[in-house]
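The sequence shown: position 358 = 836 (this note's numbering), numbered continuously. These notes concern the structure reproduced below.
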Amino acid sequence: MSNSYELWFRQDGLNPNSLNVFVGLVGSKILRGWISGSMFTAKSEEQLACEKEWLQAGHMWLAHRGGFTAVVRDGEADAGRAKVRVLQTGEIITVDEDDLEKANPPQLERCEDIASLRCLNECGALNVLRSRYAAGLPHARAGHALLVLGPPKRTAPIYTDKVAAMFRGCRADDMPPHVFAAAQSTHRCMLASRRDRAIVFLGRSGSGKTSAMRHCVWYLASAYPAQGSKLTPERLDAAFDVLHLFGSTRTSSNNHASRFVSLTSLDFDGGGALAAASVQILLPDLRPGQAPLRALHTLYHGCDGRLRRELLFDQSPINTPNPFMSSTEKADAPTEFSALKEALQLLAVTENEQMAIWKIMAAICHLGWAGAVKANTGSGIKYQFASAGCGQRAARLLAVPTEELARAVFVTVPTSPQPNANLRTPSPSNEREMSGTEAVDAFVTGLYNETFNIIAALVNRSLSTSARTSASILLLDTPGADNPMCAGQQSGAPLSKLLSNYLQERLQAMFHEALLVAPRERYAQEGITLDDGAEEDWLSETVNPGPMVELLDKAPQNTIVRSSQADLRECDRRGLLWLLDEESMYPGSSDDTFVERVMSQYAAPQHTHYLIKKAPHARQFVLQHLQGTNPVLYDVTGWVKASRENPVTKKSLTLLQESQ
């Protein structure tokens, strides 16, 4: 599982106490087929005899660093040890008893529900997933959860009209494990309860969350269309094509990683037909200066002829690198740009509206070529565009004078003194000073974010209707958990990765509460006792995401009560994000002071030493995400400055409003 991706969907309302279904996704290959569940048949005497013989043989799984291996017990050894025979090689070895787990009969290797295993353990569950994946069965249940093996491809034969027709109108018990089954169950539950329901997608970056979300939307739109409605599956597909192109970028683990949070609302009428839809977006981190964006690359390399001349790309420098664009995959750009224009036309976006978007995007490209340089003017040394021609072309596309554009980018508002600033010792290097390149990046970030908001508004205009609705299904798609070290990058993860991982930790906490904590509390209320001897293990800190969430976002305690000095220190402890926010308010703060505060509060062995560890580098630390299974090395260089509100970013919106 170390090379696999994991994705969990949560079905039901956002309240964790009203859980219906979870779904998970693992893997990356295109699946070749789908086979429904087999019919139950009576076992013959010969089959029963074979089962009994197999059980008496003592089949086990031997867990090791490379995975797990099938073995058979072959005698006893010293205390805590056992002799086993490896089935594949026949070798007899002595191993620890703790490394052995009971195996399940062969007929359960492809069972649809992992919870039905006779011996429920980690090796047995992984063996079921591996066996089903090898047999072309990409879905499996795990109690209230549904696991999907392999990121669902839009061209995969398991997501066709024929397969979708098999699930329409079916009950949950009548459907085999499938993404369409999750959507169908959600719709049926919504109609029965007349309450809003939700599907939340969690997991690692590149695990296929966005693709799976789109399959759910496509199924619901095609299975329950309203008569005469404009909300066709093709229009919804076009909406997500546009949003994904403008909101994705290349990362270490995914070539087309979504970097925005989307909450899609599918609104149904009283009869269960899809009557309206909308998409809410949150753009927590989409900075063109951090990673090349697909939309800029597609526009520059994809447009041609008259449009290329109108966007002044025919005058752009050929050999000058642009920090906002990628120079690779030029051959695919014309095809992607044609598909983008067709999608916008299907969404009823007019030619004038498209041209306004193209001009803003082209201005961002020209600002990337313009750059920044210090110049000695009559009033002193100031920043200005390194390429005056590129700056003039950007101003022309934005319909503003060149001087006004330069003032908006390079004339920063002086920072007013913060309260209690005298309590801080000024850092040797003033990290509040902003270079010309950073000013250009901040201005372009504001332009791009505003463009993305315009795109979302146009999409919602196309999907909105005046029809009356009864209940809704919400689909939440977020940037996945990411670890650059898994892709071979030894440098620490930036602040954007921390935000993505924090969001996944919060959703994992909801998953833990709904699937583990809430059922046991309900059992306790009903007087049901579970004689499994694992009560402490289920709720221990090593499997509970709560401590990591608290480490990241624990709010400061404003109330003062009479308590011991240790309790006062515990109350004063606050989350890492709160500490970062506080450090960003002080003029003398720096990345070093931030790390010092974090380690002084959380590196003590008696507290959360298993969650955070100091790295050899002065500005690095390691967080044990996903219950310790995903250690991420972070480098805090530039975090304090990035947490401060940049006045240049706001000026981009003002400039757009004042443009002619």
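Every residue gets a Cβ at the ideal spot worked out from N, C-alpha and C, and that includes glycine. Because the structure is a prediction, the values reported are computed rather than measured.
Residue from A769, A809, N797 and P997 with nearest C-alpha to H779: A809
Taking C597 and A581 to be in contact with their CB atoms under 8 angstroms, please state how far apart those CB atoms are, rounded to whole angstroms. Your pair C597 and A581 checks out as a contact, with CB atoms roughly 7 angstroms apart and the cut at 8 angstroms.
Pair within 7 angstroms by beta-carbon distance, A949 and F746: Cβ atoms of A949 and F746: closer than 7 angstroms.
Using only CA atoms, which one of L669, S700, R1000 and A834 lies nearest to A643? S700
Span of the beta strand (DSSP E) holding G553? G545 to E554 is the extent of the beta strand (DSSP E) around G553.
Taking 7 angstroms as the limit between beta carbons, can you name the residues of its chain near N800, skipping five residues before and five after? C843, G846 and W847
Tell me which residues share the same chain as W696 and place their Cβ nearer than 6 angstroms to its Cβ, disregarding the 5 neighbours each side in the sequence. P711
Test: F658 CB closer than 7 angstroms to a CB of chain C: Note that chain C does not occur in the displayed structure, where there is just one protein chain.
With three or more beta-carbon pairs closer than 8 angstroms as the criterion, would you say the region 981-989 touches the region 773-790? no
Taking C-beta to C-beta, are C601 and A541 nearer than 7 angstroms? yes
Simplified DSSP assignment, three categories, for Q967: DSSP, read as helix, strand or coil, puts Q967 in coil.
Per DSSP, R563 forms a beta bridge with which residues? V550 and I570
Less than 7 angstroms between the C-beta atoms of G684 and N605, yes or no? no
Extent of the continuous alpha helix (DSSP H) to which I842 belongs: E829 to A848
Contact check, I592 vs P616 under 8 angstroms by CB: the rounded distance? In this structure I592 is not in contact with P616, their Cβ atoms being roughly 14 angstroms apart against a cut-off of 8 angstroms.
With burial defined as no fewer than 16 other Cβ atoms inside 10 Å of the residue's Cβ, what is the status of V851: buried or exposed? exposed
Cutting at 8 angstroms between CB atoms, please list the residues of its own chain near P795, excluding the five before and the five after it. W847, S865 and C868
So the candidates are T1107, M839, A811 and R672; which of them puts its Cα closest to the Cα of L925? With distances taken between Cα atoms, L925 lies closest to M839.
Which residue's Cα is closest to the Cα of G621: S671, L993 and G1106? G621 has its Cα closest to that of L993, out of S671, L993 and G1106.
Would you tell me roughly how many angstroms separate the C-alpha atoms of E1123 and K975, rounded to the nearest one? Straight-line Cα distance between these residues: approximately 19 angstroms.
Local Cβ density within 10 Å of N979, reported as buried at 16 or more and exposed below that: Buried, since its Cβ has 16 or more Cβ neighbours within 10 Å.
In whole angstroms, what separates the C-alpha of A717 from that of R874? 30 angstroms
Within its chain, find whatever has a CB closer than 6 angstroms to the CB of A920; leave out the 5 residues flanking it on each side and keep chain order. N1124, V1126 and T1127
Under 8 angstroms: do the region 750-757 and the region 778-792 share three or more Cβ pairs, one atom per stretch? no
With 16 other Cβ atoms within 10 Å as the buried cut-off, status of N797: exposed
Along the chain, which unbroken stretches of the alpha helix (DSSP H) at least 4 residues long are found entirely within the region 615-687? 639-645 and 657-671
Find the nearest neighbour of Q662 within the set G647, S671 and Q1098, judged by alpha-carbon distance. G647
What first and last residue would you give for the alpha helix (DSSP H) that runs through H537? Segment H537 to H542 is the beta strand (DSSP E) holding H537; no alpha helix (DSSP H) there.
Considering only C-alpha positions, which residue in the set V1114, R1097, L1055 and G1024 is nearest to G1106? G1024
Comparing C-alpha positions only, which one of S609, D639 and V641 sits nearest to L627? For the residues S609, D639 and V641, the minimum Cα distance to L627 belongs to S609.
Within 10 angstroms of its Cβ, does K708 collect 16 or more other Cβ (buried), or is it exposed? exposed
The beta strand (DSSP E) spanning R1109 covers which residue range? The identity of residue 1109 in the sequence shown is Pro, whereas the question assumes Arg. Note, P1109: beta strand (DSSP E), N1108 to D1113.
Taking F888 as the reference, give the member of R871, Q832 and S913 with the closest Cα. By alpha-carbon distance to F888, the top candidate from R871, Q832 and S913 is S913.
Comparing C-alpha positions only, which one of G614, H693, W532 and P583 sits nearest to V657? H693
Where the alpha helix (DSSP H) through V889 begins and ends: Here V889 belongs to no alpha helix (DSSP H), and DSSP marks it neither H nor E.
I'd like the list of long-range same chain contacts for L1057, defined as Cβ closer than 8 angstroms, with 5 residues on each side in sequence excluded. F1072, R1075, V1076 and Q1079
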